[in-house]
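Accompanying notes for the structure given below.
Numbering (this note's numbering), first residue to last: 341 to 440.
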C-alpha cells in the first residue's frame, strides 16, 4: 500500500496518495516510512496540521530520519524518478520533517 501511495504522490495524484498511505499506516502502525510518506502527501494537499502529526509519528519510530539521508540513499538517477523524489521531499518539508 505504501508503494502505491508513494507512486501516486510522485505522479501528482496527492489525494489518491493520502488514501493509500492512510491504509499503509493502518496496516502497520510501527513502520516509520508509512507515516513519513503520509506526512509528505498531506503536506502537498495543504493539510499541514495533519501532515505535521504524521511526521511526528514517523519520527517517533525513527528519530534519525532526515531528508538529507533520504536523498543520499536515492534509488536511481533517472530524471523522472528524481523529479518525483523532489516532490516527495517538498511534501516532507511542508510537514516539518528535518532537513538534516
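Heads up, the beta-carbon is just placed ideally off N, CA and C, and yes, glycines get one too.
- Taking the CA atoms as reference points, residue 386 sits about 15 Å from residue 359.
- The continuous alpha helix (DSSP H) containing residue 364 extends over residues 354-367.
- C-alpha of residue 347 to C-alpha of residue 357: approximately 8 Å in a straight line.
- Judged by DSSP secondary structure, residue 426 falls within the alpha helix (DSSP H) whose first and last residues are 419-435.
- Taking all protein chains in view, the Cβ of residue 343 is surrounded by fewer than 16 other Cβ atoms within 10 Å, so the residue is classified as exposed.
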